[in-house]
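Chains as they are written, first to last, in my numbering: chain A, 2 to 250; chain B, 2 to 250.
Beta carbons: idealized from backbone N, C-alpha and C, even for Gly.
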DNA sequence: CGCAATCTTGAACACCCTCAAGCATGGTGG
DNA sequence: CCACCATGCTTGAGGGTGTTCAAGATTGCG
């Protein structure tokens, strides 16, 4: 499968968290200057991963969570049947590894979908710091709670919604996350393959392809490989709520 | 819908967490005696709820998490379409409300499925205590991480598995949770309706009914309304891994 | 330029849903 | 105490959405 070549050289210049372009998305968001400095002391910056490289692997000893700084990461688990199940996609400013804190091993594999840089948060040090900085603890509780909610949202999507609704939801989710990152919410490149999308959404690759084609012929989007333009966001939002249309009233 | 009569009278005798029958499942599990006493000071025991009563309601101000002491609780969210989506079932020793900590309001509704008693954990006090008791903080990180994992597990079930696999998985999950609670893992009453099961597993009620009937005729279980006996656990486990059978090798 | 991987398109089938009706169950009031 | 009704559960028939299988088109990279 993917190449496992990992370049783990620290970047020459250490950027402070305060001056990081993600400071309004990431942990500093919740901290004052003094506390950010203490956080900086434990954060390991500058690790980078080529496309296909593993940030961490399922079953390996759990050591750290990772904040995506640039690029994109996919998490997946290998089931008892040997099948891969994609559990999430992580964009800059988002934290990977929160699901592995209840065990001594990573509960999933995290793979870079493109050239990606991360900040490493060694968990035991982070935990120690959190007891001294209540707002950091509070922020982490919030992050984890949000992660539970996200995962519930996915379950909801999978259990109740049609293929079209699932794909429209994913596109809109990516759109709003790019927007937060100050990137275009209407014109972006998908970091993941059709196959990853299908796996994540519980669909066959063929279905993903068909739905994207259909959206395109309806004028909702323009898709050229991984390059996506959202042409009619309101219509896409309508698709995600489509099945209320069934009820007459 | 369900009656909302809530009896919130504290139980006459305050049982200490140390002497609670759940002390090996619940929070004291991770704490020493001294810390358990500090925990006890903030825990509000003895609230009870009749069948159908709401422990808390979606959108209400978030104040506390709740540990189920006896009975069972169902959580659900109302979607934009006005549909109900069941997000979880909680048995004694399990904590409800971890998904609401990232907001000021409850992100779901928690309803008692039968006569239920709970312990209330006021969140702000709990958070404060956690900064003073590192093992408590650690334990909460673990609980929340586990909750993320559980929810991912559900997504996996919903996205990849057939109706039979989903239902077998639920039965086995309940079985092992009853077992942990020192109840029979092979003979129990379902606290929830077929309709709740169907909703939770993303199936139609009819499908749930049919699969249970099929399991019965195959001699895997015996079902009489909500009374369930698991007759062949190994065969049920085989069902949950059924689809690896597709691959020849 | 050519091969491999990814993506698209088509046709047939399977699983599960919907609709519809019949059957238990249990709580309520006469 | 039993009839009654509401609710929940079961069973059957038909149809739709998405899967599977198969083949062709496109892309990307050596």
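Tell me the rounded alpha-carbon separation between residue i and residue j.
i, j, result
"residue 123 of chain A", "residue 48 of chain A", "13 Å"
"residue 210 of chain B", "residue 226 of chain A", "43 Å"
"residue 129 of chain B", "residue 37 of chain B", "15 Å"
"residue 216 of chain B", "residue 150 of chain B", "28 Å"
"residue 142 of chain B", "residue 35 of chain B", "21 Å"
"residue 197 of chain A", "residue 108 of chain A", "19 Å"
"residue 180 of chain A", "residue 229 of chain A", "14 Å"
"residue 68 of chain A", "residue 139 of chain B", "20 Å"
"residue 118 of chain B", "residue 202 of chain A", "38 Å"
"residue 94 of chain A", "residue 154 of chain B", "25 Å"
"residue 147 of chain B", "residue 101 of chain A", "8 Å"
"residue 186 of chain A", "residue 90 of chain A", "17 Å"
"residue 240 of chain A", "residue 169 of chain A", "7 Å"
"residue 204 of chain A", "residue 42 of chain B", "50 Å"
"residue 175 of chain A", "residue 145 of chain B", "25 Å"
"residue 45 of chain B", "residue 116 of chain B", "18 Å"
"residue 131 of chain B", "residue 131 of chain A", "10 Å"
"residue 213 of chain B", "residue 74 of chain B", "23 Å"
"residue 61 of chain B", "residue 183 of chain B", "34 Å"
"residue 156 of chain B", "residue 161 of chain A", "12 Å"
"residue 76 of chain A", "residue 125 of chain A", "22 Å"
"residue 206 of chain A", "residue 55 of chain B", "42 Å"
"residue 177 of chain A", "residue 58 of chain A", "29 Å"
Within the 7 Å Cβ cut-off, does residue i reach chain B?
i, result
"residue 233 of chain A", "no"
"residue 100 of chain A", "yes"
"residue 203 of chain A", "yes"
"residue 127 of chain A", "no"
"residue 30 of chain A", "no"
"residue 223 of chain A", "no"
"residue 81 of chain A", "yes"
"residue 59 of chain A", "no"
"residue 230 of chain A", "no"
"residue 41 of chain A", "no"
"residue 195 of chain A", "no"
"residue 246 of chain A", "For residue 246 of chain A, the predicted model reports a pLDDT of 44, less than 50, meaning its position is unreliable; a value from the coordinates is still stated below. Residue 246 of chain A does not count as touching chain B."
"residue 199 of chain A", "no"
Quickly, what does DSSP pair residue i with across the bridge? List them, please.
i, result
"residue 71 of chain B", "B:118"
"residue 17 of chain B", "Bridge partners of residue 17 of chain B: none, in fact."
"residue 241 of chain A", "Answer is none; residue 241 of chain A lacks a bridge partner."
"residue 29 of chain A", "Paired residue(s): none; residue 29 of chain A is not in a bridge."
"residue 147 of chain A", "The partner list for residue 147 of chain A (beta bridge, DSSP) is empty, contrary to what the question assumes."
"residue 85 of chain B", "B:79"
"residue 65 of chain B", "B:123"
If residue i and residue j are in contact, beta carbons under 8 Å, what's the gap, nearest whole angstrom?
i, j, result
"residue 86 of chain A", "residue 78 of chain A", "5 Å"
"residue 223 of chain A", "residue 232 of chain A", "6 Å"
"residue 106 of chain A", "residue 50 of chain A", "Their Cβ separation, rounded to whole angstroms, is 20 Å, which puts residue 106 of chain A and residue 50 of chain A out of contact at 8 Å."
"residue 23 of chain A", "residue 134 of chain A", "About 19 Å; that fails the 8 Å criterion."
"residue 65 of chain B", "residue 121 of chain B", "5 Å"
"residue 158 of chain A", "residue 167 of chain A", "5 Å"
Which class does residue i belong to by DSSP, given the choice of helix, strand or coil?
i, result
"residue 109 of chain B", "coil"
"residue 223 of chain B", "strand"
"residue 60 of chain B", "coil"
"residue 231 of chain A", "strand"
"residue 186 of chain B", "coil"
"residue 44 of chain B", "coil"
"residue 93 of chain A", "coil"
"residue 192 of chain B", "coil"
"residue 218 of chain B", "helix"
"residue 55 of chain B", "strand"
"residue 163 of chain A", "coil"
"residue 155 of chain B", "helix"
"residue 134 of chain B", "coil"
"residue 169 of chain A", "helix"
"residue 204 of chain B", "coil"
"residue 175 of chain A", "helix"
"residue 36 of chain B", "helix"
"residue 24 of chain A", "coil"
Please check if any C-beta of chain A sits within less than 7 Å of the C-beta of residue i.
i, result
"residue 210 of chain B", "no"
"residue 67 of chain B", "no"
"residue 62 of chain B", "no"
"residue 49 of chain B", "no"
"residue 95 of chain B", "no"
"residue 135 of chain B", "yes"
"residue 152 of chain B", "yes"
"residue 183 of chain B", "no"
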